[in-house]
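Take a look at the structure below.
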Amino acid sequence: MFKKRNLVSRLWLKHTDKIRYKQYKWELKNQKQLAFANFINDADKLTSPAKIKEYAAQKGCIRLSHSGNAGDIIYALPTIEAMRRMTNARIELYLRLGQPLILSGYNTHPLGNVMLNERMAEMLIALLEPQPYIDFIGIHTDQIIDIDLDYFRAGGIPLDKGNIARWCSYLTGVNPILYKSWLTVEPDLAYADTIVMARSERYRNYTINYKFLNKYPNIVFIGVESEYNDIRKIIPNIKWVQVGDFMQMARIIKGAKFFIGNQSFPFSIAEGLKVPRILETSFDVINVVPEGGEGYDFFFQEHLESLVEMLNNR
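When the letters of the sequence shown are read in order and numbered with the numbering used here, they come out as residues 180 to 493.
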């Protein structure tokens with residue numbers, strides 16, 4: 180079975196075994212061609228604004244499904260919101276559980292080998308249920324679905340570049356508004372003077388060192404315990420907030436002085452809220468793009484430190 184290598188693995192192979200590297204490049208090209216052919220052959224899963232309006236007129240609602248990852252669901256919301264604006268139809272969103280996760284060269288993920296489990300779905304529903312353009316959200320069982328928002332994974336769309344927030348728009352032809360907030364929550368004002376941070380084990384920029392944050396007194400971390408244990412090796416006094424659901428996480432991010440994160444789930448919430456935010460950009464996969472509001476991204480240490488100083492001194 181073909182397995183895509185990450186950047187470090189590709190560079191190592193290129194400089195240590197040129198014959199195997201050429202074979203890998205051939206297999207990669209062949210895999211992409213096969214995936215694209217499958218995408219085109221199953222193109223009846225693609226839809227369009229005209230078809231979406233037809234669903235709305237015939238049924239009075241549009242039934243959508245998505246299986247995660249959690250951040251992918253957050254980034255699908257602007258397209259869902261645009262469907263609501265376009266049709267004024269009832270929007271029902273069904274979450275599919277237990278779909279397999281392919282790590283693409285990374286070793287760990289908080290949910291192991293699935294994209295969405297029941298606990299994660301419950302935490303998401305707490306955040307998404309109050310959003311004004313979603314009339315119903317629940318777990319998919321046997322409901323008939325009009326639009327499968329997972330079809331972006333079928334192979335026709337490059338997932339390692341561009342902007343995740345446009346993946347579902349490419350499937351539907353619906354143009355999302357990405358420079359305005361698409362999540363509505365009440366801020367937790369207890370964090371008004373606090374820097375909130377998250378950093379997953381995946382999608383890291385390994386040239387970056389966060390040790391300089393020790394000079395900033397009020398920093399909290401939101402994420403899983405293994406990520407917290409890792410970051411406190413560098414920032415010993417950082418506090419950990421364990422959230423009960425993602426509405427709580429969103430309220431903390433909304434109320435914070437500003438947010439720092441890499442290309443992981445908490446940053447998708449910060450992006451949806453359009454709070455002041457700094458994105459640690461991975462050299463390996465660049466598919467998150469801050470748009471609108473006070474959104475900043477960086478590759479290099481000097482720029483990170485200057486952005487933190489600027490936002491902290493506002």
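Beta carbons are placed, not taken as given, at the ideal position from N, Cα and C, and that holds for glycine.
Starting from residue i and walking both ways along the beta strand (DSSP E), at which residues does that stretch end?
| i | result |
| --- | --- |
| R456 | R456 to E459 |
| A377 | I374 to A377 |
| V420 | K418 to V420 |
| N441 | F437 to N441 |
| G341 | Neither: G341 is in no beta strand (DSSP E) and is coded neither H nor E. |
| G474 | G474 to F477 |
So the alpha helix (DSSP H) residue i belongs to, where does it begin and stop?
| i | result |
| --- | --- |
| V353 | Here V353 belongs to no alpha helix (DSSP H), and DSSP marks it neither H nor E. |
| L409 | Correcting the residue identity first, residue 409 is Asp in this sequence and not Leu. Run containing D409: E404 to I410, per the alpha helix (DSSP H) assignment. |
| F444 | F444 to L452 |
| V399 | Note, V399: premise wrong, no alpha helix (DSSP H); beta strand (DSSP E) at I398 to I401. |
| F425 | F425 to G434 |
| N466 | Per DSSP, N466 belongs to no alpha helix (DSSP H) and is neither H nor E. |
| E365 | Note, E365: premise wrong, no alpha helix (DSSP H); not H, not E. |
| S485 | Q480 to N491 |
I think residue i touches residue j, with their Cβ atoms under 8 Å apart; what is that distance to the nearest whole Å?
| i | j | result |
| --- | --- | --- |
| K390 | I413 | 5 Å |
| N441 | S379 | 6 Å |
| I274 | I318 | Residue identity check: residue 274 is Leu in the sequence provided, not Ile. Confirmed, Cβ separation roughly 6 Å. |
| L350 | L225 | 6 Å |
| I374 | N397 | 6 Å |
| M294 | S246 | 6 Å |
| D424 | M302 | 4 Å |
| I387 | L483 | 6 Å |
With distance defined between alpha-carbon atoms, name the residue in the options nearest to residue i.
| i | options | result |
| --- | --- | --- |
| P309 | F477, I439 and W361 | W361 |
| I231 | N354, M299 and P337 | N354 |
| R363 | G474, N267, I313 and N397 | The amino acid occupying residue 363 in the given sequence is Thr; Arg does not appear at that position. Comparing Cα positions, the closest option is I313. |
| G474 | M302, G451, E484 and R264 | G451 |
| A377 | P396, I326, D327 and I431 | I431 |
| L458 | G472, G471 and F478 | F478 |
| E470 | L328, G434 and P257 | P257 |
| A236 | L243, R269, G277 and K224 | R269 |
| G239 | D325, G341 and L338 | D325 |
| K340 | T460, M299 and N393 | T460 |
| L490 | I356, F438 and V468 | F438 |
| Q322 | C347, L357 and S244 | S244 |
| R383 | N267, M265 and F462 | F462 |
| K433 | N296, L295 and Y370 | Y370 |
| S405 | L328, D196, G277 and R381 | R381 |
| R493 | A229, R263, I304 and K436 | K436 |
| Q278 | N248, G472 and M302 | N248 |
| E297 | L276, L307 and A305 | L276 |
| L307 | A429, L483 and P228 | A429 |
| K453 | L483, G334, L357 and L368 | L357 |
| R345 | P366, E488, I259 and P455 | I259 |
| P455 | D476, E233 and I343 | D476 |
| D327 | C347, P311 and G334 | C347 |
| A305 | Q427, I343, D196 and Y395 | Q427 |
| G352 | D372, M265 and K359 | M265 |
| V468 | E481, S443 and D372 | S443 |
| P311 | A333, N267 and I343 | N267 |
| G472 | Y395, K359, V464 and L368 | K359 |
| Y385 | R199, T195 and Q480 | Q480 |
| V464 | N342, Y407 and N408 | N342 |
| Y395 | P366, Y330 and P415 | P415 |
Measuring only from the beta carbon, is residue i closer than 6 Å to any heavy atom that is part of the ligand GDP?
| i | result |
| --- | --- |
| K436 | This structure simply doesn't include the ligand GDP, nor any ligand for that matter. |
**Study point:** 3-residue-minimum beta strand (DSSP E) runs that sit fully inside the region 229 to 278, ordered along the chain
**Key:** 240 to 245 and 269 to 274
Check your understanding: For the 8 Å Cβ check, are there 3 or more pairs between the region 439 to 450 and the region 241 to 255?
Key -> yes
Point to revise | Contact the region 393 to 406 vs the region 418 to 438: 3+ CB pairs below 8 Å | key: yes
Exercise for review: Could you name each continuous alpha helix (DSSP H) segment of 4 residues or more that falls completely within the region 288 to 330, going from the start of the chain to the end?
Suggested key: 297 to 307
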